[in-house]
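Heads up, the thing below is written out as structure tokens.
Number of protein chains: 2
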Amino acid sequence: MATDIPDIVIGRLPIYLRELTRLAEEGKQKTTSSHELGHRLGISSAQIRKDLSHFGEFGKQGTGYHIGYLTEQLSDILRLSSEWDVAVVGAGFLGHALAHYNGFLDRGFRIACIFDNDPQKVGEKMGELIVQPDTDLEKIIKHKQIKVAILAIPPHVAQPMTDRLVNAGVKALLSYAPIHLTVPEGVQVSYSDPVIQLQRMTYYL
Amino acid sequence: MATDIPDIVIGRLPIYLRELTRLAEEGKQKTTSSHELGHRLGISSAQIRKDLSHFGEFGKQGTGYHIGYLTEQLSDILRLSSEWDVAVVGAGFLGHALAHYNGFLDRGFRIACIFDNDPQKVGEKMGELIVQPDTDLEKIIKHKQIKVAILAIPPHVAQPMTDRLVNAGVKALLSYAPIHLTVPEGVQVSYSDPVIQLQRMTYYL
DNA sequence: CACCTTTCGTGTAAGATTTCACAATGATAG
DNA sequence: CTATCATTGTGAAATCTTACACGAAAGGTG
Ligand SMILES: NC(=O)c1ccc[n+]([C@@H]2O[C@H](COP(=O)([O-])OP(=O)(O)OC[C@H]3O[C@@H](n4cnc5c(N)ncnc54)[C@H](O)[C@@H]3O)[C@@H](O)[C@H]2O)c1
Ligand SMILES: NC(=O)c1ccc[n+]([C@@H]2O[C@H](COP(=O)([O-])OP(=O)(O)OC[C@H]3O[C@@H](n4cnc5c(N)ncnc54)[C@H](O)[C@@H]3O)[C@@H](O)[C@H]2O)c1
Numbered sequence: 001m002a003t004d005i006p007d008i009v010i011g012r013l014p015i016y017l018r019e020l021t022r023l024a025e026e027g028k029q030k031t032t033s034s035h036e037l038g039h040r041l042g043i044s045s046a047q048i049r050k051d052l053s054h055f056g057e058f059g060k061q062g063t064g065y066h067i068g069y070l071t072e073q074l075s076d077i078l079r080l081s082s083e084w085d086v087a088v089v090g091a092g093f094l095g096h097a098l099a100h101y102n103g104f105l106d107r108g109f110r111i112a113c114i115f116d117n118d119p120q121k122v123g124e125k126m127g128e129l130i131v132q133p134d135t136d137l138e139k140i141i142k143h144k145q146i147k148v149a150i151l152a153i154p155p156h157v158a159q160p161m162t163d164r165l166v167n168a169g170v171k172a173l174l175s176y177a178p179i180h181l182t183v184p185e186g187v188q189v190s191y192s193d194p195v196i197q198l199q200r201m202t203y204y205l
Numbered sequence: 206m207a208t209d210i211p212d213i214v215i216g217r218l219p220i221y222l223r224e225l226t227r228l229a230e231e232g233k234q235k236t237t238s239s240h241e242l243g244h245r246l247g248i249s250s251a252q253i254r255k256d257l258s259h260f261g262e263f264g265k266q267g268t269g270y271h272i273g274y275l276t277e278q279l280s281d282i283l284r285l286s287s288e289w290d291v292a293v294v295g296a297g298f299l300g301h302a303l304a305h306y307n308g309f310l311d312r313g314f315r316i317a318c319i320f321d322n323d324p325q326k327v328g329e330k331m332g333e334l335i336v337q338p339d340t341d342l343e344k345i346i347k348h349k350q351i352k353v354a355i356l357a358i359p360p361h362v363a364q365p366m367t368d369r370l371v372n373a374g375v376k377a378l379l380s381y382a383p384i385h386l387t388v389p390e391g392v393q394v395s396y397s398d399p400v401i402q403l404q405r406m407t408y409y410l
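Put into structure tokens, the structure is as follows:
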């Protein structure tokens, strides 16, 4: 049941999870339907049912899905039952925003440490954390067994830093640097480049 | 030629453009091939050729693509020949990072104004800009004919702010708020939620 | 010039994803 | 208890996307 599930399906699960959490917060109802969820997300109900059916039968005919139960199941599928420690590399503007962002904790992640190579930044307090020198990066990541990192450093140092992180055991990497990164098989990479996103939209304007 | 081009193809053009710019910066060569470009991006050469062929014939057999020429063509296709003015809404941590980011200018966008509703933030200097009160938002956006906006405000005010922006004439919106937005037909929306991206990766860990 | 190498552009095949549509199931109301 | 209604889970069809493979062009070489 766990094999062979298309990436594109996995990619939608976090969206479902996020909307289920919103539904739970609204607190108006204990259950929802594929139709309601789809309507709220601009996705067809059939797609939602098909996606979920890859993992089991979570709904009930006539009633729909129990919001709490489906939330739990999706959290389990996405391995969010316990928190992932995350390392942030780069304590500039973006690192600053990330360190202060409180939207990670209740969704399965905790910023566990933040690194910089600028002596001026090292030691500075950021949110709950203190900026660490990048020379300690390998030691701390190995010691805390950190598997997830966020890159918020300039593009020209992103690839070498990626290599260091992977070498220290990081398996999932979200990069804000506007550059394609090369990683070994088995390491996940994801990118966030606002300019790419804007450029995708201007075509249609 | 302009109709019927799949969104997924449009979505890759900015990636090609970004890598072409890097190649130009490296300055080692005047031309590149679909094979080289694909190799650098982890995309098949056939896909690159097929994607480009939707818009015309930009290459030369035996030689490949002239980097400068292809860059120009892609910029034209994506409507990046002249700069788009961009409004940033929300002068918090993220708005701060965006206002100081110098990676927009050379890729077709210019942050033209930044808004906040917090009297403490209004008037503050951010990068080259001064934070404007959100009450002036409609006036300024209409006056400058701004079509592109970035949302960096809390989730619960994101939908009403979207409605205001769309009403003022915004046609493309990049939102950092972790919530699905509803917009009228013809308005483009794009999202950036790092938690969604991390959750997509933890499944594979 | 004849030959070789490179690389494009593209028709077609293969594969992936979405949509359709319906039997089956559970809830509800009279 | 039966009829009605809502909604799931899922094969099959339709659509979309990627990969393959090759003829044709361009440039270089002897
Ligand atoms: N600011 C934005 O809104 C924004 C938006 C999109 C993308 N980005 C990208 O995100 C990245 C960071 O952006 P930023 O605005 O925070 O930049 P920034 O210059 O404010 O911060 C970068 C930080 O990285 C540190 N650094 C540099 N080399 C390092 C190394 N080898 N090891 C550890 N730390 C190192 C610097 O000391 C600095 O503190 C850049 O790649 C940028 O292109 C930024
Ligand atoms: N900080 C991060 O790293 C990060 C990461 C991902 C997503 N986000 C999301 O991005 C958004 C902004 O995050 P942030 O960290 O900058 O938050 P922030 O609290 O630092 O900034 C939000 C700003 O929006 C302003 N604001 C609130 N309501 C407004 C309104 N109606 N009109 C105009 N301005 C208004 C506030 O005054 C504040 O200055 C949030 O939705 C957050 O969930 C943040």
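Order-wise, the sequence lines are chains A and B. Anchor point for the first sequence: position 151 equals 151 in this note's numbering, and the numbering is continuous, going up by one each time. One rule links them: number in this note's numbering = place in the second sequence (from 1) + 205. Backbone N, C-alpha and C fix where the C-beta goes; we use that ideal spot for every residue, glycine too.
Put simply, the CB of residue 367 of chain B is far from chain A, with every gap to its CB atoms at 8 Å or more. Contact with chain A is found for residue 406 of chain B, since one of that chain's Cβ atoms lies less than 8 Å from the residue's Cβ. For the segment 129-159 of chain A, the set of residues with a beta-carbon nearer than 8 Å to any beta-carbon of chain B comprises 147, 148, 150, in chain order. Assignment of residue 352 of chain B by DSSP, reduced to helix, strand and coil, places it in the coil class.
Excluding five sequence positions before and after residue 142 of chain A, the CB atoms of its chain that fall closer than 8 Å to its own CB belong to 168, 169, given in chain order. Under the DSSP assignment, residue 402 of chain B falls in the alpha helix (DSSP H) whose first and last residues are 399-407.
The beta-carbon distance between residue 150 of chain A and residue 399 of chain B, rounded to whole angstroms, is 7 Å. This is short enough to meet the 8 Å contact definition. At a cut-off of 8 Å, the C-beta of residue 196 of chain A has a neighbouring C-beta in chain B. Along the segment 257-271 of chain B, none of the residues has a CB nearer than 9 Å to a CB of chain A.
Listed along the chain, the chain B residues whose CB falls inside 7 Å of the CB of residue 19 of chain A are 385.
Neighbours of residue 247 of chain B across chain A, judged by C-beta separation under 9 Å: 180, 182. For residue 273 of chain B, the closest alpha carbon among the candidates B:302, B:213, B:227, B:293 is that of B:227.
In this structure, residue 326 of chain B has its CB closer than 7 Å to one or more heavy atoms of ligand 2.
Residue A:34 holds the alpha-carbon nearest to the alpha-carbon of residue 63 of chain A among A:34, A:47, A:46, A:43.
The Cβ atoms of residue 320 of chain B and residue 362 of chain B do not sit closer than 8 Å to each other. According to DSSP, residue pairing for residue 223 of chain B in a beta bridge does not occur.
Within the segment 214-238 of chain B, the residues whose Cβ lies closer than 8 Å to any Cβ of chain A are, in chain order, 215, 216, 218, 219, 220, 222, 223, 224, 227.
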